[in-house]
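Visitor: Take this structure first; my questions come after.
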Amino acid sequence: MRTRLHTAVLAVAATLVALLVRAPAAEAVGPAPHYLMTAFTNTSESNMYVYDSPDATDFALVRANAYTPPTGLIRDPSVMRHTDGRYYVVHTTGWTGDTIAFARSTDGVNWTFLRTLTVGLNGATGSTWAPEWFKDTDGSVHVIFSASREGVGGQFRPYRITATRGDLSRWTAPTPLGIPANFIDSFLVKVDGTYHNFLKNETTKYVEHAVARSLAGPWHFVGTGDWAGWGPGLEGPALVQLPNGRWRIYFDQYGAGRYFYADTPDLRAFGAKAELPGLSGVARHFTVLREEVGDRTAVPAGNRSLRSVDHPDRYVRHRDNVAYLEPVSTALDRQDATFSVVAGLAHTDCYSFESSNYPGHFLRHRGTALVLGRFDGSAGFRGDATFCGRAGLAGRGTTSFESYDHPGHYLRHAGQEMRVEPRELGGRFAADASFSVVAPLA
């Protein structure tokens, strides 16, 4: 009887363990996805909020009032990452007028004003709304926006401008996209040579779908009216492709103050809309930028120490809540250089480093400095304290650590200081950013 009972208990325990262990997602092969979202809110048209998500569904606020332009509004902020590694936002500056404006960031969180651009279509009495980035497969960079010559109540048409310089300081004159009036909020993606335009019919208030073989058209509508079953009263469509190849569209049900998304395998047959948790009634007309972080290099879990590849007698350690690369000699040195490698606080496919002698304190970046801080549960802390494994930039079986919330930035030493900085090609960066994960020193 005892043997049978013991066997039954073990079977139940095994079942519970199997249920508790997270099964790998279908899209788990490859780098860890990271989704950056910029929005204005119901409470302010002049402040941009920044959100972050590991799965394109559950977005956490990283920073409220992350950017306020020097003048005007920041409605409809559209975000992209340019070839220079920086993030750029283009946004609506006012309900009326003929300008759009740009801001720039190195980390997606801290923004600075770049310039205001006069598109020259409609003067002070017209309206210029909802500029959206579109990067074509030939490398060209465009902004698609909607303009009316008669102001808020006029007939809107989509236009495009194209960057003529790599630093985005010069643009072509506006060109009509070839969509008839009265449409706003064009959002474009290109798949297999076909341009897909999701936009709001300002007359019927439905989000509709047009396609073309050229950016200049002609455009053919393949989804009109309530073609997707989402109902009317929608605007601000924005799309992102998920790691499994499917697409997700977001849209704002502005009258009800609710935000929704829907998924599709092919940009044609979409599923039912689902409400976006935590954002209804808060965020308005946003875009989402997907980035890849790390290469899924495995890092040994448990207590470990990080040894420099180019200074093998030195280890990453904390001292007075600041991280350094230093030789270790005393027992305290060895404790300060020992960390528990755990699943990433912001993404479980990455890693966080918890202090061995100060439990609940993690290595995190504050700006470019690497420090030791007490976990406060915030989304900002989670992102700052999460690093994704990459094959060592210096090779030789080493490991490099890419910042989860600042893709392209790596854990590296600069002299004795530990920092998180953007990758540099050439010079000493590869060696400075490569480490051996070794047995714990304490």
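-19 is the number of the first residue of the sequence shown in this note's numbering; add one for each residue after it.
Glycine included, C-beta positions come from ideal geometry on N, C-alpha and C.
Predicted model, so just to flag it, every value in this text is computed and none were measured.
1. Cβ-heavy atom distance between G395 and the ligand COA below 7 Å?
2. Could you spell out the range, first to last residue, of the alpha helix (DSSP H) harbouring A410?
3. Exposed or buried, P245, counting other C-beta atoms within 10 Å across all chains shown (16 or more means buried)?
4. Under 8 Å between the Cβ atoms of R376 and V289?
5. Distance check for G395 and D412, CA to CA, integer angstroms please.
6. Would DSSP call R362 helix, strand or coil?
7. Roughly how many angstroms lie between the CA atoms of V187 and T379, to the nearest whole one?
8. Going by DSSP, what residue range makes up the alpha helix (DSSP H) through D32?
9. Cα-Cα, which of D116, Q221 and L214 is closest to E271?
10. Keeping to the same chain, check which residues put their C-beta closer than 8 Å to that of V42; ignore five residues upstream and five downstream.
11. Let me know the secondary structure DSSP gives A281 once reduced to three states.
12. Can you name the residues that DSSP bridges to L343?
13. Go ahead and pull the three-state DSSP assignment for R211.
14. Closest by CA to P111, which one among G103, V121, T105 and S320?
15. Does the structure place the segment 251 to 262 close enough to the segment 45 to 55 that three or more beta carbon pairs sit under 8 Å?
16. For K115, list the residues DSSP reports as bridge partners.
17. Looking at the structure shown, is D165 part of a helix, part of a strand, or coil, going by DSSP?
18. For P160, does the count of other Cβ atoms within 10 angstroms reach 16, so buried, or fall short, so exposed?
19. Under 7 Å Cβ to Cβ from R294, same chain only, skipping five residues before and after it: list those, please.
20. Look at the Cβ atom of G388, then the Cβ atom of Y331, and state whether they are nearer than 8 Å.
21. Compute the Euclidean distance between the alpha carbons of F342 and R299, then round it to the nearest angstrom.
22. I want to know whether the segment 228 to 237 touches the segment 195 to 206 - three or more CB-CB distances under 8 Å.
23. Helix or strand or just coil, what does DSSP make of L269?
24. Contact between the segment 118 to 137 and the segment 160 to 177: three or more CB pairs below 8 Å?
25. Once the 5 residues before and after H62 are set aside, which same chain residues still bring their CB inside 8 Å of it?
26. Applying the criterion that 16 or more other CB atoms from any shown protein chain within 10 Å of the CB defines a buried residue, is F409 buried or exposed?
27. Need the endpoints of the beta strand (DSSP E) that Q233 sits in, please.
28. So, V400 versus L325, is the Cβ gap smaller than 8 Å?
29. For R140, name the three-state secondary structure that DSSP assigns.
30. Is V321 helix, strand or coil when you go by DSSP?
31. Give, in chain order, every unbroken run of the beta strand (DSSP E) that is at least 3 residues long and sits entirely within the segment 54 to 132.
32. For R150, does the count of other Cβ atoms within 10 angstroms reach 16, so buried, or fall short, so exposed?
33. Using C-beta distances below 8 Å, list every residue in its chain close to Y139, excluding the 5 sequence neighbours before and after it, in chain order.
34. Does A311 come out as helix, strand or coil in the three-state DSSP assignment?
35. N283 to A19, Cα distance in whole Å?
Guide: Concretely, from the data shown:
1. The ligand content of the structure shown is nil, which means the ligand COA is not present either.
2. Residues F409 to D412.
3. So P245 ends up on the exposed side.
4. Yes, Cβ-Cβ distance for R376 and V289 is below 8 Å.
5. Cα to Cα, D412 sits roughly 9 Å from G395.
6. Helix.
7. A direct Cα-Cα distance of roughly 46 Å separates V187 from T379.
8. Going by DSSP, D32 is part of no alpha helix (DSSP H) but of the beta strand (DSSP E) stretching over S24 to S33.
9. With distances taken between CA atoms, E271 lies nearest to Q221 out of D116, Q221 and L214.
10. Around V42: V30, Y31, D32, V89, A359, G360, G363 and D385.
11. Residue state, collapsed to three classes: coil.
12. Partner(s): L352.
13. In the sequence under discussion, the amino acid at residue 211 is Gly, which differs from the Arg named in the question. In this structure, G211 counts as coil in the three-state DSSP scheme.
14. Considering only alpha carbons, the answer is V121.
15. Below 8 Å, too few C-beta pairs join the segment 45 to 55 and the segment 251 to 262 to call them touching: fewer than three.
16. K115 pairs with V121.
17. Note: D165 maps to strand in three-state DSSP.
18. By the beta-carbon neighbour count (other beta carbons within 10 angstroms, threshold 16), P160 is exposed.
19. Around R294, the same chain offers S288, L305, E306 and P307 as residues with beta carbons nearer than 7 Å, after the five sequence neighbours per side are excluded.
20. Contact: no.
21. Going by the C-alpha atoms only, they are around 13 Å apart.
22. Taking 8 Å as the limit for Cβ pairs, the verdict is that the segment 195 to 206 does not touch the segment 228 to 237.
23. In the structure shown, L269 sits in a strand (DSSP, three-state: E or B).
24. At 8 Å Cβ cutoff, the stretches touch.
25. Cβ within range, chain order: Y68, V121 and L148.
26. Buried is the call here.
27. In the DSSP annotation of this structure, the continuous segment of the beta strand (DSSP E) that includes Q233 starts and ends at W227 to Q233.
28. Not closer than 8 Å, so no.
29. DSSP, reduced to helix, strand and coil, places R140 within a strand of the structure shown.
30. The three-state reading of DSSP puts V321 in strand, counting E and B together.
31. Runs of the beta strand (DSSP E) inside the segment 54 to 132: 55 to 61, 67 to 72, 79 to 85, 92 to 98, 107 to 115 and 121 to 128.
32. Under this definition R150 is an exposed residue.
33. Excluding its 5 nearest sequence neighbours in each direction, Y139 has C-beta neighbours in its own chain below 8 Å: V99, L101, I124, F125, S126, A127, P154, T155, P156 and L157, listed in chain order.
34. DSSP, read as helix, strand or coil, puts A311 in helix.
35. Spanning the two alpha carbons is a distance of roughly 40 Å.
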